[in-house]
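Some notes on the structure that comes next.
Residue numbers (my numbering): 1 to 89.
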């Protein structure tokens, strides 16, 4: 049982680390002005429920960076982030 719990912990830790790396990669891409890449990295995180990714994807939609400007999509992502307590939304 102890080995099973350790294995679960390792899998969760790796998944969390990978998500954090992807978010950081998205931020780096946006900082470089590569908004298309930032959106590509943020979308799966946002769809998995990452509130910061949801908020930032909303920003990209609102400003039309890396994708066509779309206030409806922006609002939807802001609302998803807000439901999770993201105060910037």
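Note that the Cβ used here is the ideal one computed from N, Cα and C, for glycine as well.
Measuring alpha carbon to alpha carbon, tell me which residue in 63, 67, 57 is nearest residue 82.
Within the chain shown, residue 82 is the residue found at index 82, counting from 1. Answer by Cα proximity: 57.
Spatial neighbours of residue 52 in its chain, beta-carbon cut-off 6 Å, leaving aside the 5 residues before and after
As a position in the chain shown, residue 52 is number 52, starting the count at 1. Sequence-distant partners of residue 52 (beyond 5 residues in either direction) whose C-beta falls short of 6 Å from its own C-beta are missing from its chain.
Since residue 92 contacts residue 74 with CB under 8 Å, what's their CB separation in whole angstroms?
The question about residue 92 has no answer, for the chain in this structure spans 1 to 89.
Using C-beta distances below 6 Å, list every residue in its chain close to residue 34, excluding the 5 sequence neighbours before and after it, in chain order.
The residue given as residue 34 occupies position 34 in the chain shown. Only residues of its own chain outside the window of five on either side were considered, and among them none has a CB closer than 6 Å to the CB of residue 34.
Delimiting residues of the alpha helix (DSSP H) encompassing residue 44:
The residue you call residue 44 lines up with position 44 of the chain shown. 35-47 is the extent of the alpha helix (DSSP H) around residue 44.
Measuring CA to CA, which of 41, 84, 48, 67 is closest to residue 21?
To locate residue 21, count along the chain shown from 1; it is residue 21. Comparing alpha-carbon positions, the option among 41, 84, 48, 67 lying closest to residue 21 turns out to be 41.
Looking at residue 78: is its Cβ nearer than 8 Å to the Cβ of residue 45?
Start at 1 with the first residue of the chain shown, and residue 78 comes out as number 78. Start at 1 with the first residue of the chain shown, and residue 45 comes out as number 45. Taking 8 Å as the Cβ cut-off, residue 78 and residue 45 do not qualify as a contacting pair.
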